[in-house]
Amino acid sequence: MALALSACAQQSERDGTRTLVGLRDVRLRRKLGPGDHVEVVLTEGREPLSVRFEIRCDGEPVTVGLLLFARADDSIRG
Amino acid sequence: MTRSVADPIRRAPHLVLPHTGTARLLTGVVRSEAGFIEATARVLATHPLASGGRAPCFLGLEVGAQAAAALEALLRGTETGDGSPRVGYLVSVREATFLQPDLPVDASLVVTAHLEGAAPPLAIYRIRITVDDVEFLHATLSTYGGASVDGHASP
Numbered sequence: 001m002a003l004a005l006s007a008c009a010q011q012s013e014r015d016g017t018r019t020l021v022g023l024r025d026v027r028l029r030r031k032l033g034p035g036d037h038v039e040v041v042l043t044e045g046r047e048p049l050s051v052r053f054e055i056r057c058d059g060e061p062v063t064v065g066l067l068l069f070a071r072a073d074d075s076i077r078g
Numbered sequence: 079m080t081r082s083v084a085d086p087i088r089r090a091p092h093l094v095l096p097h098t099g100t101a102r103l104l105t106g107v108v109r110s111e112a113g114f115i116e117a118t119a120r121v122l123a124t125h126p127l128a129s130g131g132r133a134p135c136f137l138g139l140e141v142g143a144q145a146a147a148a149l150e151a152l153l154r155g156t157e158t159g160d161g162s163p164r165v166g167y168l169v170s171v172r173e174a175t176f177l178q179p180d181l182p183v184d185a186s187l188v189v190t191a192h193l194e195g196a197a198p199p200l201a202i203y204r205i206r207i208t209v210d211d212v213e214f215l216h217a218t219l220s221t222y223g224g225a226s227v228d229g230h231a232s233p
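In structure tokens, the structure reads:
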């Protein structure tokens, strides 16, 4: 899950203007094992700077959730 | 009642967590009581997600899940005498807030997990991770604990 989530976050941060600040409603429906091939689908979330993700394996969703980002220059971090 | 523990993570980690190698992030139990645990953790530089002395902050969710698993193992051992390790799963993250983009590698993390509710085998935990008293993340997780490592279902 962490590896797939890392891929999601890296893609969304690729332009360097936003950073991952939260997650919401993440559901891990099935475990993944070594050698499993996954497909990651990203769609724009309803909230600003949010990305909905779905990780699929063999056509079935294994993990879904919402990534929350902030602009990198926002002073929201401690 | 707060329980003083002869640290089970250091004494017999395989009885608390099934994880091995770099996947075992928890390094010790500071204190535990019914529904609460404070533990220490460390992300090794050799962890697959570590790079340049940092690891992504969401790896802290796994740290929190391991703390929750350790709490369940300690309580199970106290209440039932069942000291066998169990396989548990993180099944949802209701919400998580990352206050820092990364976790430091090879640093001592402090993790707390509060049991907020349970309908066995499901449980909800509020977790928090700090480093040198600076909060890095907090989240609400749900876990599913059931089968023993050898495949037998939890009573």
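Chains as they are written, first to last, in the working numbering: chain A, 1 to 78; chain B, 79 to 233. In this text, a Cβ means the ideal position worked out from N, Cα and C, and glycines have one as well. Just so we're clear, the structure is a prediction, and the values are computed from it rather than from any experiment.
Could you give the DSSP three-state label for residue i: helix, strand or coil?
i      : result
A/S6   : helix
B/R88  : helix
B/A72  : Residue 72 of chain B lies beyond the range of chain B shown here (79 to 233); nothing can be said about it.
B/L219 : strand
B/G99  : helix
A/V38  : strand
B/T156 : helix
B/V183 : coil
B/E173 : strand
Any Cβ of chain A within less than 8 Å of the Cβ of residue i?
i      : result
B/P182 : no
B/T208 : no
B/E173 : yes
B/S129 : no
B/V114 : Strictly speaking, residue 114 of chain B in this sequence is Phe, with Val absent from that position. By this cut-off, B/F114 is not an interface position.
B/Y203 : no
B/A231 : Bear in mind that the predicted position of B/A231 carries a pLDDT of just 40, short of 50, making it unreliable; the figure below should be weighed with that in mind. Cβ-Cβ to chain A under 8 Å: no for B/A231.
Just to confirm, is the Cβ distance from residue i to residue j under 8 Å?
i      : j      : result
B/G166 : B/A197 : no
A/V41  : A/E60  : no
A/L23  : A/L66  : yes
B/L181 : B/L152 : no
B/T218 : B/A201 : no
A/V21  : A/A72  : no
B/T100 : B/L122 : yes
B/A88  : B/L103 : Here residue 88 of chain B turns out to be Arg, not Ala, going by the sequence shown. Cβ distance not < 8 Å, so B/R88 and B/L103 don't count as in contact.
A/C57  : A/V26  : no
On the CB-based measure, 16 or more other CB atoms within 10 Å of its CB, does residue i come out buried or exposed?
i      : result
A/V62  : buried
B/H216 : buried
B/E140 : buried
B/P126 : exposed
B/A174 : buried
B/V107 : buried
B/A128 : buried
Quick one: does residue i have its CB under 8 Å from some CB of chain B?
i     : result
A/S50 : no
A/D36 : no
A/D73 : no
A/T19 : yes
A/V26 : yes
A/L42 : no
A/G22 : yes
A/G65 : yes
What whole-angstrom Cβ distance do residue i and residue j have, given they're in contact under 8 Å?
i      : j      : result
B/G131 : B/V189 : That belief does not hold up - the Cβ atoms of B/G131 and B/V189 are roughly 20 Å apart, past 8 Å.
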